[in-house]
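Chemist: Numbering (this note's numbering), first residue to last: 1 to 486. What follows is a single structure, and I will ask about it in a moment.
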């Protein structure tokens with residue numbers, strides 16, 4: 001490989017482009033009209049337009065992306081996460097075009113893309129499953145009575161909570177099945193659904209895996225992703241405060257069994273539900289790099305994107321299981337352009353000011369800088385704030401300080417909301433599950449007393465608009481009256 005087309009946008013595109021450069025590879029970005037001049041375009045060696053702002057016309061347009069790869073002379077393609085990253089047909093088309101697909105084999109994506117087929121594989125390799133059922137409406141109604149309410153209806157394809165309904169009594173099952181099928185059909189083009197018994201107050205724990213084409217398989221420990229809003233992760237950490245060494249070893253072994261069973265290659269994540277009694281159950285496999293991969297990188301010292309590039313190039317993994325020696329604790333907060341006090345409505349517009357924290361153990365993976373425009377066509381993720389410290393209490397303190405030092409003006413963000421999450425006594429005690437936010441921070445309205453963002457944005461713009469006072473002979477930043485902000 002020498003030239004990689006990065007078929008994504010935002011922070012993950014920036015992350016992959018920088019990994020390519022560190023590996024001595026050229027990186028080509030693609031962009032919609034809404035992203036012309038975006039940060040991922042600026043850091044790439046070249047950027048090519050692929051369509052109008054809507055995802056369907058650009059980042060989901062397989063033909064336009066493959067056309068850009070041909071125009072750029074790329075010999076490999078990295079899909080990032082989201083968009084086409086878990087589309088088996090697109091992966092096969094990339095390989096058919098003579099490009100190296102930096103991801104798992106299309107067959108593994110197709111197998112793991114169906115939760116019902118993935119459940120069958122998990123059963124075959126002896127991994128625990130939540131009791132469930134498939135079938136038509138009549139069969140599912142009988143199964144629900146057998147399993148006992150509440151039950152959860154899930155879409156067989158896709159994820160992210162779409163096509164998912166919790167049913168607490170029999171009278172609501174038919175409506176939930178119809179709604180789940182309708183949502184799944186619209187989101188994934190597949191209306192197959194199935195039932196599972198509902199696990200009360202579960203934790204969401206996932207295991208990072210890596211494998212190569214030479215028989216090398218690794219599990220790099222777990223991440224806890226229980227802090228979720230509408231089934232979307234908000235805060236992640238590694239390791240999980242709920243696991244002891246024995247449980248950690250059993251979950252790691254289960255993740256490797258599924259990875260081997262589906263013929264996996266590259267980086268992936270095996271997700272589990274962890275019940276309050278310590279029982280764990282297979283949930284799904286994410287056949288791509290995860291948003292939260294950075295916390296695993298922090299505690300293991302392994303560059304997961306670099307390993308993706310290595311495996312795709314046909315090389316063996318750069319390490320073995322015995323080389324892993326996880327250290328410390330890492331936390332990640334997802335910084336979104338949204339207004340938590342207004343029902344988490346997305347917020348777009350000009351980023352008039354951007355000050356991100358820094359210092360020992362602080363990492364910011366961002367897709368934007370000051371004076372960039374945040375479009376409303378895509379996911380609202382602006383950046384990931386990651387901290388690493390010797391232990392969990394120290395990581396909590398470091399994250400609280402870093403969030404206090406994160407300043408963004410021009411769009412509304414969830415930074416203050418995240419401060420409330422990290423500062424909550426139950427979170428500090430490790431008492432987390434997927435219902436944490438609804439139970440502890442439902443109806444959050446913020447601390448109040450903050451200056452209006454519009455005023456902050458106007459002040460930042462005024463500061464940047466002042467003409468520079470620097471002379472040719474004076475190169476000191478202290479004499480610059482222009483774009484420098486304290």
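The beta-carbon is built from N, C-alpha and C at its ideal position, and this holds for glycine as well.
#1: Per DSSP, residue 78 forms a beta bridge with which residues?
#2: Count the CB pairs spanning the stretch 340 to 352 and the stretch 407 to 418 that are closer than 8 Å, and state whether there are at least three.
#3: Do you know how far the Cα of residue 429 is from the Cα of residue 440?
#4: Can you find the residues in the same chain that come closer than 7 Å, C-beta to C-beta, to residue 181, ignoring five residues on each side of it along the sequence?
#5: In this structure, how does DSSP classify residue 411 when only helix, strand and coil are distinguished?
#6: Can you check DSSP and say which residues form a bridge with residue 487?
#7: Quick one, are the C-beta atoms of residue 261 and residue 422 less than 8 Å apart?
#8: Once DSSP output is grouped into helix, strand and coil, what is the label at residue 259?
#9: Near residue 176, what residues of its chain come up, given a Cβ to Cβ distance below 7 Å and the 5 sequence neighbours on each side ignored?
#10: So what does DSSP say about residue 293, is it helix, strand or coil?
#11: State yes or no: is the beta carbon of residue 157 nearer than 8 Å to at least one beta carbon in chain D?
#12: Let me make sure I understand the geometry here. Which of 205, 78, 283, 412 has the alpha-carbon closest to that of residue 353?
#13: What whole-angstrom Cβ distance do residue 204 and residue 271 have, given they're in contact under 8 Å?
#14: Tell me the DSSP secondary structure of residue 40 in three-state form.
#15: Using 8 Å as the threshold, is the stretch 367 to 375 in touch with the stretch 294 to 302, meaning 3 or more CB pairs across them?
#16: Alpha carbon to alpha carbon, what distance is there between residue 105 and residue 264?
#17: Considering Cα atoms alone, identify which of 60, 286, 269, 20 is closest to residue 76.
#18: Do the stretch 274 to 284 and the stretch 128 to 139 touch if we need at least three Cβ pairs shorter than 8 Å?
#19: Return the CA-CA distance between residue 13 and residue 138, expressed in angstroms with no decimal places.
#20: Is it the case that the Cβ atoms of residue 7 and residue 80 are separated by a distance below 8 Å?
#21: Count the C-beta pairs between the stretch 37 to 51 and the stretch 60 to 72 that are closer than 8 Å, then say yes if the count reaches three, no if not.
#22: Report the three-state DSSP secondary structure of residue 65 (helix, strand or coil).
#23: Cutting at 6 Å between CB atoms, please list the residues of its own chain near residue 4, excluding the five before and the five after it.
#24: Roughly how many angstroms separate the alpha carbons of residue 488 and residue 356, rounded to a whole number?
Modeler: To lay it out plainly:
#1: 6
#2: yes
#3: 14 Å
#4: 191, 193
#5: coil
#6: Outside the shown range of the chain, which is 1 to 486, sits residue 487, and nothing can be said about it.
#7: no
#8: helix
#9: 153, 165, 167
#10: helix
#11: Although the question refers to chain D, the structure presented lacks it and comprises just one protein chain.
#12: 412
#13: 7 Å
#14: helix
#15: no
#16: 7 Å
#17: 20
#18: yes
#19: 46 Å
#20: yes
#21: yes
#22: helix
#23: 20, 25, 27, 76, 78
#24: Any answer about residue 488 is impossible in this case: the structure gives the chain only from 1 up to 486.
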